[in-house]
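Trainee: Sequence lines, in order, name chains A and B.
So that you can map any letter, position 95 of the first sequence is 94 in numbering that gives the first Met the number 0, and since no number is skipped, the others follow by simple counting.
So that you can map any letter, position 100 of the second sequence is 99 in numbering that gives the first Met the number 0, and since no number is skipped, the others follow by simple counting.
Take a look at the following structure, please.
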Amino acid sequence: MRPLNRTTRRAQRDAPGAPEPARDSEGTPASNPAASSAAATRDLVAAAVPVALAVGAYGLSYGVLAVAAGLSPAVATLSSIIVLAGGSQFAFVGVLALGGNPFAGAVSGLLLNVRYVAFGLAIARALPGGSFGRRALDSYLIVDESVALALGKAGPMPRDPAARQEWSGEVVRRFRVVGWSVVSAWILTTAAGAYGGQLIADPELLGLDAAFPAGFLALLAPWLRTPRGRTAAAIGVALALGLTPFAPPGVPIIAASLGGIIALWVPVRTEHGEATT
Amino acid sequence: MTILALVALAVGTYLMKAIGPFAAAGRELPPWLDRLSNLLPAGLLAALVATQTVVDGTSLVLDARIVGVAAAAVAVALRAHFGVVVLVGAAVTAGVRALGWG
Chain A
0 MRPLNRTTRR
10 AQRDAPGAPE
20 PARDSEGTPA
30 SNPAASSAAA
40 TRDLVAAAVP
50 VALAVGAYGL
60 SYGVLAVAAG
70 LSPAVATLSS
80 IIVLAGGSQF
90 AFVGVLALGG
100 NPFAGAVSGL
110 LLNVRYVAFG
120 LAIARALPGG
130 SFGRRALDSY
140 LIVDESVALA
150 LGKAGPMPRD
160 PAARQEWSGE
170 VVRRFRVVGW
180 SVVSAWILTT
190 AAGAYGGQLI
200 ADPELLGLDA
210 AFPAGFLALL
220 APWLRTPRGR
230 TAAAIGVALA
240 LGLTPFAPPG
250 VPIIAASLGG
260 IIALWVPVRT
270 EHGEATT
Chain B
0 MTILALVALA
10 VGTYLMKAIG
20 PFAAAGRELP
30 PWLDRLSNLL
40 PAGLLAALVA
50 TQTVVDGTSL
60 VLDARIVGVA
70 AAAVAVALRA
80 HFGVVVLVGA
90 AVTAGVRALG
100 WG
């Protein structure tokens, strides 16, 4: 299924209006393109649905809390459409709930979101670039889950140009499918929590606050299986927890990106250490 | 004023997300930057796991979440599916709270 997808992508880029059969003339090994693309779709759905459900649980809690903090249900829903970064939205309504200045809430939210510069650079290696609109849409889809799941599942970027193109196609497809699933789940469940919050039990009673770190841990897993990834993660944890009591919210997370920078220079004893970082 | 602050948060967040796709996509990056962008998510995701597990506001606390996330870690080590990991994390946390801790 991979060769098929790669040639499809190439065909689309070279000739946007190219007729469908053009792909088969390149001699794809797939004997039944319809069946293999169905399998690829199943694979993507299997990856996207659980993530969307977990994000949905978080979105439901956010909708409930945002209204409790004083936002109208409409503004709460709007916030999920235009901000689309869960942690910063929780920080924002958290400040409002304490009676703080909304701009202080926006600043702490922005600090939390500086990490998206790093996530954006990480996924940009696979993105084809393209028109302004395409880049603008891809930017909108950058959330923790879409980047981590796309890059984590696909493994390290191959050096060989042909293999790299295949790798990019795989990563981008996963990024966009998971991205749209997360975006729609986040917005819809925010609305559900905001408009129907009174019907839902206390989110903490259901353990929903632990659903998120558990999900992030699952997203982190592919990195934990490489020596450099483990080093980056360990330094990230130490920096984040060490700074939490002293630094403003968001700063500990940003500092954790130093984990990746330091891990780059730490020698690791493994024959494929380089390839796995 | 709340709406204005919300719009500022949205615009600032979007601009930060857009740096990668607009400045680096479809372009050959120097190898060190390439390897760095691959490692950055590891530090960031690990920090998110840690802070969401043991941080409350600006203080470190141990409550039911740590038990739930530890159970989720076991599920990850057993290579359980993403949905299973999340369910285990939430369910164990809820169970520990039901028993009266955290």
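Beta carbons: idealized from backbone N, C-alpha and C, even for Gly.
Anything in chain A within Cβ reach of V73 of chain B, meaning under 7 Å, just list it in chain order.
Mentor: Neighbours of V73 of chain B on chain A: none; closest Cβ ~10 Å, over 7 Å.
Trainee: Is P20 of chain B close to chain A? Criterion is C-beta to C-beta, closer than 8 Å.
Mentor: Taking Cβ atoms only, chain A reaches closer than 8 Å to P20 of chain B, which makes this a yes.
Trainee: Going by DSSP in three states, D55 of chain B sits in which element: helix, strand or coil?
Mentor: The answer is strand: DSSP assigns D55 of chain B an E or B state.
Trainee: On the premise that A41 of chain B lies in contact with A239 of chain A, defined as a C-beta separation below 8 Å, what is that separation, rounded to the nearest angstrom?
Mentor: About 13 Å; that fails the 8 Å criterion.
Trainee: Starting from the Cα of A90 of chain B, find the closest Cα among A:L43, A:V116, A:D208 and give me that residue.
Mentor: Measuring from the Cα of A90 of chain B, the nearest candidate turns out to be A:D208.
Trainee: Going by other Cβ atoms of all chains shown within 10 Å of its Cβ, with 16 needed for buried, is D23 of chain A buried or exposed?
Mentor: Because D23 of chain A carries a pLDDT of 36, less than 50, the predicted location of this residue cannot be relied on, and no value is offered for it.
Trainee: Can you confirm whether D159 of chain A, when its beta carbon is compared against all beta carbons of chain E, has any partner nearer than 8 Å?
Mentor: Of the chains in the structure shown, none is chain E; the protein chains are A and B.
Trainee: Give the DSSP-derived three-state secondary structure of E203 of chain A in the structure shown.
Mentor: Looking at E203 of chain A - three-state DSSP - the assignment turns out to be helix.
Trainee: Could you pull out every residue in the same chain whose Cβ sits closer than 7 Å to the Cβ of A74 of chain B, ignoring the five residues on either side in sequence?
Mentor: So the list reads V83, V84, V87, once near-sequence residues are dropped.
Trainee: Within the same chain, show all residues whose beta-carbon is closer than 6 Å to that of P202 of chain A, passing over the 5 residues directly before and after it, in chain order.
Mentor: So the qualifying residues of the chain are S60.
Trainee: Out of A:G119, A:K152, A:G98, A:G151, point me to the one whose CA is closest to L136 of chain A's CA.
Mentor: Checked all of A:G119, A:K152, A:G98, A:G151; the closest Cα to L136 of chain A is A:G119.
Trainee: On the three-pair Cβ rule with 8 Å, is the segment 59-76 of chain A touching the segment 188-195 of chain A?
Mentor: Yes: the two stretches touch, three or more of their Cβ pairs being nearer than 8 Å.
Trainee: Which residues in the same chain have their Cβ closer than 8 Å to the Cβ of A90 of chain A, if we skip the five residues on either side of it in sequence?
Mentor: Excluding positions up to five away in sequence, the list reads G104, S107, G108, L111, P248, G249.
Trainee: Output needed for T92 of chain B: all residues of its chain with C-beta closer than 6 Å, excluding positions within five of it in sequence on either side, in chain order.
Mentor: Once the five neighbours on either side are set aside, the close Cβ partners of T92 of chain B are A63, R64, G67.
Trainee: Compute the Euclidean distance between the alpha carbons of G55 of chain A and N37 of chain B, then round it to the nearest angstrom.
Mentor: Approximately 27 Å, taken between the alpha carbons.
Trainee: Between V10 of chain B and L3 of chain B, what straight-line distance do the alpha-carbon atoms span, to the nearest angstrom?
Mentor: C-alpha separation (whole angstroms): 11 Å.
Trainee: If you check the beta carbons only, do L98 of chain B and F215 of chain A fall under 8 Å apart?
Mentor: No, the Cβ-Cβ distance between L98 of chain B and F215 of chain A is not below 8 Å.
Trainee: Roughly how many angstroms lie between the CA atoms of L157 of chain A and S79 of chain A, to the nearest whole one?
Mentor: In the sequence as presented, Leu is not what sits at residue 157 of chain A; that position holds Pro. Roughly 36 Å separates the two Cα atoms.
Trainee: Express the C-alpha separation of A84 of chain A and T12 of chain B in angstroms, rounding to a whole number.
Mentor: Near 8 Å, if we compare the C-alpha coordinates of A84 of chain A and T12 of chain B.
Trainee: Can you tell me where the alpha helix (DSSP H) with E144 of chain A in it begins and where it stops?
Mentor: Run containing E144 of chain A: 143-153, per the alpha helix (DSSP H) assignment.
Trainee: Using CA atoms only, rank isn't needed, just tell me which of A:A246, A:G86, A:G62, A:P221 is closest to L198 of chain A.
Mentor: If we check each option's Cα against that of L198 of chain A, A:G62 comes out closest.
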